[in-house]
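There are 2 protein chains.
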Amino acid sequence: MIREEFRLKNQLCFRLYTASRLLTQVYHPLLSEHGLTYPQYLVLLVLWEKDAQPVNDIAKHLFLETNTVTPLLQRMEKEGVITRTKGEKDARQMIVSLTRKGRDLQKRLSEVPFAVGSAVLCDSITPESFPALFNMLDDIIAKLGNSKEQESRSQ
Amino acid sequence: MIREEFRLKNQLCFRLYTASRLLTQVYHPLLSEHGLTYPQYLVLLVLWEKDAQPVNDIAKHLFLETNTVTPLLQRMEKEGVITRTKGEKDARQMIVSLTRKGRDLQKRLSEVPFAVGSAVLCDSITPESFPALFNMLDDIIAKLGNSKEQESRSQ
DNA sequence: TGTATTTATATCGTTCACGATGCAAATATA
DNA sequence: TATATTTGCATCGTGAACGATATAAATACA
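Protein chains in written order, with this note's numbering: chain A, 1 to 155; chain B, 156 to 310.
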């Protein structure tokens, strides 16, 4: 006698986890061609919007901890797509900046968003249905992301 | 000049990835108390629905590869929540079965689905809005999961 | 000013994900 | 029936995630 609330069919998290993994797999061949992983691509998205950010700002944009981002940035530095320089005002900070190679990747990856977009489109997933999905996911992220901040603030 | 399609705000995958990670983090304290990780919990969900399944069936339910599931099952066996026995009809198969401890965990974790559910509920995420979200995520999973099967079939 | 606290980042250990590869059992085919 | 192919699982290497902890710089405050 399986309880309904334990059925895989009724799990929100499992759906998010699976959809996320499968969609990330769509990125893989497109990115590995340029020596990038998906999280590294996310770092580039952040830096293309605003160059020269400290580690902490990048981590906050991605809802990640610095202990995840730091090694990732170290690998990206080794690959020559970013540089990490000590902050001038604050010597604790590491300012992450795009290299020429990192900037140029935006042009070389220009087809990626469209390729991924077309991979998910189907009868029920259309450009028109995106806003509704985006809103729900944003609400989940806001709820869980904020409650996390509350936690750390109350300690 | 950032292109719109590269903005973090416009990325479906980033939302799925973030929502998945944040929601998985809600599970963490509830599961680690019982020595479980989230992927291990998913294996239990599968086995609670149907006990004694080969590795491959478990992997397929979770949209994972056996090279991810095998080490995970080995850890669960070491923890004493499952057993792995060679298949009788097919000696290549490893049949994964719940131990007494694994079965009992269902009762001990009975509050988990409700605790997680209440963690996401807010003004816009309600029991009424779940079906719409579930349907869209299921469509994404079906589209990407199926196209993966097509691939392997055509090789 | 001297000490305590906070902040920014880094290091470490464990557990996934997953591509690539290996191996043995089962099945297909010559 | 002998050989080729497929199937099911395991091993290996790399790169995340993330809790725990460390370290140095900045800030607060006594």
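Glycine residues also receive a C-beta, built at the ideal position from the N, C-alpha and C atoms.
Return the CA-CA distance between residue i and residue j, expressed in angstroms with no decimal places.
i      : j      : result
B:K233 : A:A142 : 38 Å
B:L197 : A:L8   : 8 Å
A:T207 : A:A91  : In the structure as shown, chain A starts at 1 and stops at 155, and residue 207 of chain A therefore has no counterpart that could be examined.
A:I58  : A:F114 : 24 Å
B:I157 : A:F130 : 21 Å
B:I219 : A:Q11  : The sequence given here places Leu at residue 219 of chain B; Ile does not occur at that position. So the two alpha carbons sit approximately 16 Å from each other.
A:L72  : B:G272 : 32 Å
B:H316 : B:E204 : Residue 316 of chain B lies beyond the stretch modelled for chain B, which goes from 156 to 310, so this question has no answer here.
A:C122 : B:L299 : 10 Å
B:Q222 : A:K89  : A small fix is needed here, since residue 222 of chain B is Asn in this sequence, not Gln. Approximately 47 Å between the Cα atoms of the pair.
A:A182 : A:E128 : Outside the displayed range of chain A (1 to 155) lies residue 182 of chain A, so it cannot be described from this structure.
B:Q195 : B:Q229 : 11 Å
A:Y38  : B:T225 : 24 Å
A:D222 : B:E159 : Outside the displayed span of chain A (1 to 155) sits residue 222 of chain A, for which this structure offers no information.
A:L36  : A:N56  : 21 Å
B:T238 : A:R108 : 49 Å
Is the beta carbon of residue i sitting closer than 7 Å to the one on residue j?
i      : j      : result
B:M291 : A:L133 : yes
B:S265 : B:D206 : no
B:V236 : B:T254 : yes
B:L202 : A:F6   : no
A:G87  : A:I95  : yes
B:D294 : A:S124 : yes
A:P54  : A:Q93  : yes
Once DSSP output is grouped into helix, strand and coil, what is the label at residue i?
i      : result
B:P282 : coil
A:Q25  : helix
A:L144 : helix
B:L253 : strand
B:R239 : strand
A:Q106 : helix
B:Q195 : helix
B:Q229 : helix
A:L16  : helix
Is residue i close to the ligand MG? I mean its beta-carbon at under 6 Å from any heavy atom of the ligand.
i     : result
A:Q53 : By its list of ligands, the structure shown contains no ligand whatsoever, and the ligand MG lies outside what it can speak to.
What are the residues of the region 126-139 of chain A that lie near chain B, defined by any Cβ-Cβ distance shorter than 8 Å?
Only S129, F130, A132, L133, F134, N135, M136, L137, D138, D139 from the region 126-139 of chain A bring a Cβ to less than 8 Å from some Cβ of chain B.
Pairing CB atoms from the region 166-173 of chain B with CB atoms from the region 17-26 of chain A, are three or more of them under 8 Å?
yes
Scan the region 199-216 of chain B for residues whose Cβ lies nearer than 7 Å to a Cβ of chain A and list them as they occur along the chain.
L200, V201, W203, E204, H216
Just by C-beta distance, which residues in the region 81-106 of chain A are closer than 8 Å to chain B?
Answer set for the region 81-106 of chain A: Q106.
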